[in-house]
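Participant:
Number of protein chains: 2
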Amino acid sequence: MSDKPRAVVLLSGGLDSTTCCAIALDQGYSLSALTVTYGQRHNMEIDAARKVAAHFAITDHVVTEIDLRAFGGSALTSDIAVPKHDNAADIGDGIPVTYVPARNTIFLSFALAFAETRNADAIFIGVNALDYSGYPDCRPEYIAAFQTMANLATKSGVEGADALIIHTPLIDRTKAQIIQTGLGLGVDYAMTTSCYDPADNGAACGHCDACLLRLKGFKDAGLNDPARYVG
Amino acid sequence: MSDKPRAVVLLSGGLDSTTCCAIALDQGYSLSALTVTYGQRHNMEIDAARKVAAHFAITDHVVTEIDLRAFGGSALTSDIAVPKHDNAADIGDGIPVTYVPARNTIFLSFALAFAETRNADAIFIGVNALDYSGYPDCRPEYIAAFQTMANLATKSGVEGADALIIHTPLIDRTKAQIIQTGLGLGVDYAMTTSCYDPADNGAACGHCDACLLRLKGFKDAGLNDPARYVG
């Protein structure tokens, strides 16, 4: 372990979490990466996360699988169909069926456990309140409440150690701004994957909310998405 | 589903969570039980939790396994030895090595996901701030902070549904009081297991913190513990 401050980054292998890694490294943190997989995107996510961790020379990378299918209730963890559209403007208002109940709370809880074992005093999570899809657990007030809770939950809460800070560097950026930030830090987005419903060969569908928001982000930034799409 | 209010109860198959079930049922809730297992007590915990769920006729019982061993840092999830003593008075002060980083936060996060899919507006957890072992995530201020966070994390936070309440009916009771409450509600503690380090045949060790606190509780209540012990 180096003298740099240590942070845990939640790394899904997607565009947002990969940009988050680049930002945290640019801010001078040593990173421990945590990939929590669930549901049908398991193998593709792990492959992408491993590529990203290797790219950034993050050697402390833990992959853990959880089973949210037992609960059901989301298109990402059960047999509900992932909605498809032709344009980002067609994405509905309100909470979509791709919402996974308490997902970020579960992810952050694992990150908190990981941070405590690594004596890390920061967690980076690539949530986004602007260009995201209306998930309640992406809002700044939610993140602030989690941080308060986290500091009561752990040893630091009773031993007077440094407080844990949850960093959300993407929370108020558009997808285009996130992409531009990442490119400025040398991110190669060809190694990332965002699709909710990829083909067996890993190609993105191009029509789920995640694909449409990603494609719109590249278009708004005046760029082509280097990811591989079906057809 | 009945007209009764629905609650999720975290059920480890131990003395506390089993008493919690009895209290929640006595308060008129329909229960969905969640058993989250990790580490070496896996099979014994599942067996005990299944017995308890069957005893209370809880048919909606989800068992899910998580892997906290990847993080290390606790006697319950790694190769650190579980401390043994002869008397409860010998249990040390401070946070013990059996503390599992962020354990209750992870458990409550899964319970939150489960509650959301079941439209439950209550979670019961058998934490105890008195006769427990100095874990930071058993304190009332921690539970209150989790509840605040939970109500921002989920659909209820943006759709104005009933707020989620986290019930901790054991939090200020001694182990003896917990046992007396459970017995008054018809709990058979022979079906519960508390040991951190049971023998292969399931018998409790009698000397870990959990066994000593349990045995002291029965002694203080003027009763014999019906659990099976080694030797």
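Residue numbers (the numbering used here), protein chains in the order written: chain A, 1 to 231; chain B, 1001 to 1231. Cβ atoms here follow ideal geometry from the backbone N, Cα and C, with glycine treated the same way. Note that the coordinates shown come from a computational prediction; the quantities given were computed from them, not determined experimentally.
If you follow the beta strand (DSSP E) that residue 1124 of chain B is in, where does it begin and where does it stop?
Facilitator: Residue numbering aside, residue 1124 of chain B sits at position 124 when the second sequence is read from its first letter. Residue 1124 of chain B -> beta strand (DSSP E) spans 1122-1124.
Participant: Taking Cβ positions only, does residue 139 of chain A come closer than 8 Å to chain B?
Facilitator: On the first sequence, position 139 is the one that residue 139 of chain A refers to. The beta carbon of residue 139 of chain A falls within 8 Å of a beta carbon belonging to chain B, placing the residue at that interface.
Participant: Label residue 1028 of chain B either buried or exposed according to how many other C-beta atoms from any shown protein chain fall within 10 Å of its C-beta, with 16 as the threshold for buried.
Facilitator: Looking up residue 1028 of chain B in the second sequence gives position 28. Residue 1028 of chain B is exposed by the Cβ-count criterion.
Participant: Name the chain A residues whose beta carbon is nearer than 7 Å to that of residue 1114 of chain B?
Facilitator: Numbered from 1 along the second sequence, position 114 holds the residue referred to as residue 1114 of chain B. Correct list: 71.
Participant: Could you tell me which residues DSSP pairs with residue 253 of chain A in its beta bridges?
Facilitator: No information on residue 253 of chain A is available, as it lies outside the stretch 1 to 231 that chain A covers here.
Participant: Using only CA atoms, which one of A:186, A:183 and A:144 lies nearest to residue 168 of chain A?
Facilitator: Taking the first sequence and counting its residues from 1, the one referred to as residue 168 of chain A is at position 168. Of the candidates A:186, A:183 and A:144, the one whose C-alpha sits nearest the C-alpha of residue 168 of chain A is A:144.
Participant: Under 8 Å, Cβ to Cβ, is there at least one residue of chain A near residue 1106 of chain B?
Facilitator: Along the second sequence, one-based indexing puts residue 1106 of chain B at 106. Chain A contact via Cβ: present.
Participant: Please confirm whether residue 1008 of chain B has its beta-carbon closer than 8 Å to some beta-carbon of chain A.
Facilitator: Position 8 of the second sequence holds residue 1008 of chain B. No, residue 1008 of chain B does not count as interfacial toward chain A.
Participant: Does residue 165 of chain A come within less than 8 Å of chain B when only Cβ atoms are used?
Facilitator: By 1-based counting over the first sequence, the position of residue 165 of chain A is 165. Closer than 8 Å: no.
Participant: Beta-carbon of residue 154 of chain A versus every beta-carbon of chain B: anything under 8 Å?
Facilitator: The count along the first sequence starts at 1 and reaches residue 154 of chain A at position 154. Chain B, which has a Cβ nearer than 8 Å to the Cβ of residue 154 of chain A, makes this yes.
Participant: Just tell me which of A:118, A:137 and A:150 has its CA closest to the CA of residue 1142 of chain B.
Facilitator: As a working mapping, residue 1142 of chain B is identified with position 142 in the second sequence. Of the listed residues, the one whose Cα sits closest to residue 1142 of chain B is A:150.
Participant: Should residue 1216 of chain B be labelled buried (16 or more other beta-carbon atoms within 10 Å of its own) or exposed?
Facilitator: Walking along the second sequence from the start, residue 1216 of chain B turns up at place 216. Here residue 1216 of chain B is buried. Its C-beta has 16 or more other C-beta atoms within 10 Å.
Participant: If the cut is a Cβ gap below 9 Å, which residues of chain B does residue 142 of chain A touch?
Facilitator: Translated into the one-based positions of the first sequence, residue 142 of chain A becomes position 142. Result: 1149, 1152, 1153 and 1157.
Participant: Would you say residue 116 of chain A and residue 1101 of chain B are within 8 Å of each other, going by their C-beta atoms?
Facilitator: Numbered from 1 along the first sequence, position 116 holds the residue referred to as residue 116 of chain A. Numbered from 1 along the second sequence, position 101 holds the residue referred to as residue 1101 of chain B. Cβ atoms of residue 116 of chain A and residue 1101 of chain B: closer than 8 Å.
Participant: Identify every run of the beta strand (DSSP E) within the region 164-209 of chain A, keeping only runs that are complete inside it and at least 3 residues long; order them along the chain.
Facilitator: 165-167
Participant: Assuming residue 1111 of chain B and residue 1010 of chain B are in contact, meaning their beta carbons sit under 8 Å apart, how far apart are those beta carbons, in whole angstroms?
Facilitator: In the second sequence, counting from the first residue as 1, residue 1111 of chain B sits at position 111. In the second sequence, counting from the first residue as 1, residue 1010 of chain B sits at position 10. With 8 Å as the limit, residue 1111 of chain B and residue 1010 of chain B qualify as a contact, their Cβ atoms being about 6 Å apart.
Participant: Using the Cβ count rule (16 or more neighbours within 10 Å means buried), how would you classify residue 1198 of chain B?
Facilitator: Residue mapping note: residue 1198 of chain B aligns to position 198 of the second sequence, counting from 1. Residue 1198 of chain B is buried by the Cβ-count criterion.
Participant: Taking DSSP as the reference, what is the three-state secondary structure of residue 1029 of chain B?
Facilitator: Against the second sequence, residue 1029 of chain B aligns to sequence position 29. Residue 1029 of chain B falls in the coil class under three-state DSSP.
Participant: Excluding the 5 residues preceding and the 5 following residue 19 of chain A in the sequence, name in chain order all residues of the same chain whose CB lies nearer than 7 Å to its CB.
Facilitator: Locating residue 19 of chain A in the first sequence gives position 19, where the first residue counts as 1. Excluding residues within five positions, the ones whose Cβ falls inside 7 Å are 126, 170, 178, 181, 182 and 187.
Participant: Where do the ends of the alpha helix (DSSP H) carrying residue 1111 of chain B lie?
Facilitator: Numbered from 1 along the second sequence, position 111 holds the residue referred to as residue 1111 of chain B. Segment 1103-1117, the alpha helix (DSSP H) holding residue 1111 of chain B.
Participant: Measuring CB to CB, does residue 114 of chain A end up less than 8 Å from residue 8 of chain A?
Facilitator: Position 114 of the first sequence holds residue 114 of chain A. Position 8 of the first sequence holds residue 8 of chain A. Cβ atoms of residue 114 of chain A and residue 8 of chain A: closer than 8 Å.
Participant: Do you know whose CA, among A:89, A:108 and A:191, lies nearest residue 256 of chain A's CA?
Facilitator: With chain A represented from 1 up to 231, any question about residue 256 of chain A goes unanswered, as that position is not in the structure.
Participant: For residue 213 of chain A, which of A:190, A:222, A:174 and A:192 has the nearest alpha-carbon?
Facilitator: Within the first sequence, numbered from 1, the residue matching residue 213 of chain A stands at position 213. The candidate whose alpha carbon is nearest that of residue 213 of chain A is A:174.
Participant: Rounding to the nearest angstrom, what Cα-Cα distance links residue 236 of chain A and residue 64 of chain A in this structure?
Facilitator: Within the shown structure, residues of chain A are numbered from 1 to 231, placing residue 236 of chain A beyond reach of any answer.
Participant: Determine the extent of the alpha helix (DSSP H) in which residue 146 of chain A is found, giving its start and end residues.
Facilitator: On the first sequence, position 146 is the one that residue 146 of chain A refers to. Secondary structure note for residue 146 of chain A: its alpha helix (DSSP H) is the uninterrupted segment 140-153.
Participant: Give me the Cβ distance between residue 1046 of chain B and residue 1035 of chain B, rounded to the nearest whole Å; I'm assuming they're in contact under 8 Å.
Facilitator: What you label residue 1046 of chain B is simply residue 46 of the second sequence in a count that begins at 1. What you label residue 1035 of chain B is simply residue 35 of the second sequence in a count that begins at 1. Contact between residue 1046 of chain B and residue 1035 of chain B holds, with the beta-carbon distance rounding to 6 Å and staying under 8 Å.
Participant: Classify residue 185 of chain A: buried if its beta carbon has 16 or more other beta carbons within 10 angstroms, exposed otherwise.
Facilitator: Counting from 1 along the first sequence, the entry for residue 185 of chain A is found at position 185. Flag for residue 185 of chain A reads exposed.
Participant: Could you confirm whether any beta carbon from chain A is found closer than 8 Å to the beta carbon of residue 1046 of chain B?
Facilitator: What you label residue 1046 of chain B is simply residue 46 of the second sequence in a count that begins at 1. Not one chain A Cβ lies under 8 Å of residue 1046 of chain B.
Participant: Taking the C-alpha atoms as reference points, what is the distance between residue 1263 of chain B and residue 1004 of chain B?
Facilitator: The requested residue 1263 of chain B does not occur in the structure, where chain B is confined to residues 1001 to 1231.
Participant: Alpha carbon to alpha carbon, how far is residue 13 of chain A from residue 1172 of chain B?
Facilitator: The count along the first sequence starts at 1 and reaches residue 13 of chain A at position 13. The count along the second sequence starts at 1 and reaches residue 1172 of chain B at position 172. Roughly 44 Å separates the two Cα atoms.
Participant: Can you find the residues in the same chain that come closer than 8 Å, C-beta to C-beta, to residue 1055 of chain B, ignoring five residues on each side of it along the sequence?
Facilitator: Residue mapping note: residue 1055 of chain B aligns to position 55 of the second sequence, counting from 1. The answer, listed in chain order, is 1188 and 1191.
Participant: Would residue 1154 of chain B be called buried (16 or more neighbouring beta carbons within 10 Å of its own) or exposed?
Facilitator: In the second sequence, counting from the first residue as 1, residue 1154 of chain B sits at position 154. Counting Cβ neighbours within 10 Å, residue 1154 of chain B comes out buried, since at least 16 surround it.
Participant: Residue 232 of chain A versus chain B: which residues are under 9 Å apart at the beta carbon?
Facilitator: Since the first and last residues shown for chain A are 1 and 231, residue 232 of chain A lies out of range.
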